[in-house]
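Colleague: Dumping the structure here so I can ask a few things about it.
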Amino acid sequence: MAFCCNKPCSANSHLLGSDFWRPFKIPKLRYVKKGQYDVSRRASKVLAFFGLTTPPYKLDALEPYLSQKTLEMHWGAHHRDYVEGLNEQLKNNDPLYGYTLDELVKVTYNNGNPLIEFNNAAQVWNHDFFWESMQPGGGNMPREGVLRQIEKDFGSFTNFREKFVDAALTLFGSGWIWLVLKTKEKRLAVVKTSNAINPFLWGDIPIINLDMWEHAYYLDYKDEKGKYVNTFMNNLISWDAATVRLARAQAFVNLGEPKIPVA
Ligand SMILES: [Fe+2]
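No gaps in the numbering here: position 195 of the sequence shown is 259 in the working numbering, and each next residue is one more.
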C-alpha cells in the first residue's frame, strides 16, 4: 500500500499494465549548493511514502514449492528492507517526494547513472510484481491468448520455456528474468537484467518476472538453481496474471492485423 498525503492509495496500479513503461519526462532538479537542490517546487505539494505490498496469498500458500520460511524471509525481511530503505532515503531527499513508484524508478535511474535511491525503488517495484507473477496452483501451460502469442513469437511453448530457463541459468550474479512485450517489435521476448534493473526503463512491458537473487531460493534449493527455475515454471508461474497483463498491454501495442472497418 502506498500512502500519499498520509492517505492510502492504490499501490498496485503498475502491476497489471498501466502506462508505466511510457517515456517519462525527467524534471530537472535545480542545484543550489553541494548536496542540496531546490525543493520548493515539489515538496510543498505532496509527500509520498511507500508501504510493503502484501503477496496476494498466504505465506504458506506456495508450499511445497516455496516454503513459508522463504517467504517470511524474502518478503518479510528483504522486500521490507527495500521499502524501509527507500522511505528513509526519501525522507532526506525532498525533491523526490510526490512521484509514483513507476516515476521514481525512472527518475532515479537517471539515464543509466542511477541515483542512490534507484536500487531500493526498483527492487520494491520488482518484488511487488514478482509476488503477483506467482500463484498457488500455478505453473503448467498458459491459456489461449498468451499461449497463441508465445507460439507465434517463440515457435512453441517448449522453445519459450527453454529460453526462459536458459536465461535464468546463464544470468551472471544477481538479477531478474523477464517475459516482456517489446513495444517497438510488437513481440514477446525473454530478457535478463542485473541487480535491480527493470526492462520498462527502455520501454519493454513486463509480463512475468522471476527473482534470481540468492535470497529468493537458497533456503529451499541451496545451489540448485535449475530446480528452482523449473519449479517456478512447472508449479508457480501465474499465467492468470500474465493473461491480464498482456491483455492490458494491448491497449498500447496492437498485436493483431490492422482492423479495417467494413463500410
Ligand atoms: Fe528478492
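We put the CB at the ideal spot given by N, CA and C, even for glycine.
What are the residues that DSSP puts in a beta bridge with Met198?
Modeller: Start at 1 with the first residue of the sequence shown, and residue 198 comes out as number 134. DSSP, once it has assigned bridges, lists Ile301 as partnering Met198.
Colleague: Could you tell me if Lys170 is buried or exposed, where buried requires 16 or more neighbouring beta carbons within 10 angstroms of its beta carbon?
Modeller: As a position in the sequence shown, residue 170 is number 106, starting the count at 1. Buried, since its Cβ has 16 or more Cβ neighbours within 10 Å.
Colleague: May I ask you to report which of helix, strand or coil DSSP gives Ala311?
Modeller: One-based indexing of the sequence shown puts residue 311 at position 247. Ala311 falls in the helix class under three-state DSSP.
Colleague: Does DSSP classify Ala253 as helix, strand or coil?
Modeller: Reading the sequence shown from its first residue, position 189 is the one you call residue 253. Collapsing the DSSP output to three states places Ala253 in a strand.
Colleague: Candidates Tyr292, Pro178, Met297 and Gly219: which alpha carbon is nearest Ile261's?
Modeller: The sequence position of residue 261 within the sequence shown is 197, counting from 1. Cα-wise, what sits closest to Ile261 is Pro178.
Colleague: Reducing DSSP to helix, strand and coil, say where Pro270 ends up.
Modeller: Counted from its first residue, the sequence shown places residue 270 at position 206. Three-state result, Pro270: strand.
Colleague: Please name the residue, chosen from Phe182, Pro200 and Gly115, that lies closest to Leu265 on a Cα-to-Cα basis.
Modeller: Residue 265 sits at position 201 when you count from the first residue of the sequence shown. Nearest of Phe182, Pro200 and Gly115 to Leu265, Cα basis: Phe182.
Colleague: Is Leu245 closer than 7 Å to Ile214 when the C-beta atoms are compared?
Modeller: Against the sequence shown, residue 214 aligns to sequence position 150. Against the sequence shown, residue 245 aligns to sequence position 181. No, the Cβ-Cβ distance between Ile214 and Leu245 is not below 7 Å.
Colleague: Shorter than 6 Å, the distance from the beta carbon of Ala141 to the closest heavy atom of ligand 1, or not?
Modeller: Taking the first residue of the sequence shown as 1, we reach residue 141 at position 77. Ala141 has its Cβ no nearer than 6 Å to any heavy atom of ligand 1.
Colleague: Does the Cβ of Tyr281 have 16 or more other Cβ atoms within 10 Å, making it buried, or fewer, making it exposed?
Modeller: For this step, residue 281 is matched to residue 217 along the sequence shown. It is buried - the Cβ of Tyr281 has at least 16 other Cβ atoms within 10 Å.
Colleague: Output needed for Pro120: all residues of its chain with C-beta closer than 7 Å, excluding positions within five of it in sequence on either side, in chain order.
Modeller: Within the sequence shown, the letter at position 56 stands for residue 120. Excluding sequence neighbours, Pro120 sits near Trp195 and Glu196.
Colleague: Go to Ile214, then tell me how far its alpha helix (DSSP H) extends in each direction, as first and last residue.
Modeller: Taking the sequence shown and counting its residues from 1, one reaches residue 214 at position 150. From DSSP, the alpha helix (DSSP H) with Ile214 extends over Glu208 to Phe218.
Colleague: Pair every Cβ in the segment 293 to 301 with every Cβ in the segment 200 to 215, then say whether three or more of these pairs are closer than 8 Å.
Modeller: yes
Colleague: Starting from the C-beta of Gly99, find all residues in its chain whose C-beta is less than 6 Å away, skip the five residues before and the five after it, and write them out in chain order.
Modeller: On the sequence shown, position 35 is the one that residue 99 refers to. Residue placement at Gly99 is poorly supported in this model, since its pLDDT is 48, which falls under 50; the coordinates are not used for a value here.
Colleague: Rank Gly149, Ala125 and Tyr285 by C-alpha distance to the C-alpha of Gly115 and give the top, closest one.
Modeller: Numbered from its first residue, the sequence shown carries residue 115 at position 51. Closest by alpha carbon: Gly149.
Colleague: Write down the C-beta distance between Trp277 and Thr257 rounded to the nearest angstrom, noting that I regard them as a contact closer than 8 Å.
Modeller: Working through the sequence shown from its first residue, we reach residue 277 at position 213. Working through the sequence shown from its first residue, we reach residue 257 at position 193. At roughly 12 Å, the Cβ-Cβ gap does not stay under 8 Å, so Trp277 and Thr257 are not in contact.
Colleague: So does Ala260 have its beta carbon nearer than 6 Å to some heavy atom of ligand 1?
Modeller: Here the question's residue 260 lines up with position 196 in the sequence shown. Not so, every heavy atom of ligand 1 lies at least 6 Å from the Cβ.
Colleague: Short of 7 Å in beta carbon distance, which residues of its chain neighbour Pro91, apart from the five on each side in sequence? Order them along the chain.
Modeller: For the purposes of this step, residue 91 is taken as the residue at position 27 of the sequence shown. Its pLDDT being 48, under 50, Pro91 is placed unreliably by the model, and the measurement read from it follows with that caveat. Counting only Cβ-Cβ distances below 7 Å, and skipping sequence neighbours, we find nothing.
Colleague: Do Asp145 and ligand 1 come close, with the Cβ less than 6 Å from some heavy atom?
Modeller: What you label residue 145 is simply residue 81 of the sequence shown in a count that begins at 1. False, no ligand heavy atom lies under 6 Å from that Cβ.
Colleague: What is the residue span of the alpha helix (DSSP H) that Gly149 lies within?
Modeller: As a working note, residue 149 is residue 85 in the sequence shown. Segment Arg144 to Lys155, the alpha helix (DSSP H) holding Gly149.
Colleague: Do Asp217 and ligand 1 come close, with the Cβ less than 6 Å from some heavy atom?
Modeller: Working through the sequence shown from its first residue, we reach residue 217 at position 153. It does not: the Cβ of Asp217 is nowhere closer than 6 Å to a heavy atom of ligand 1.
Colleague: Quick one: is the Cβ of Ala305 within less than 6 Å of any heavy atom of ligand 1?
Modeller: As a working note, residue 305 is residue 241 in the sequence shown. Outside the cutoff, so no.
Colleague: Could you tell me how far apart the beta carbons of Asp343 and Thr117 are, in whole angstroms, since I believe they sit closer than 8 Å?
Modeller: The requested residue 343 does not occur in the structure, where the chain is confined to residues 65 to 327.
Colleague: Distance, Cα to Cα, Gly320 vs Ala253?
Modeller: For this step, residue 320 is matched to residue 256 along the sequence shown. For this step, residue 253 is matched to residue 189 along the sequence shown. Those two C-alpha atoms are separated by around 17 Å.
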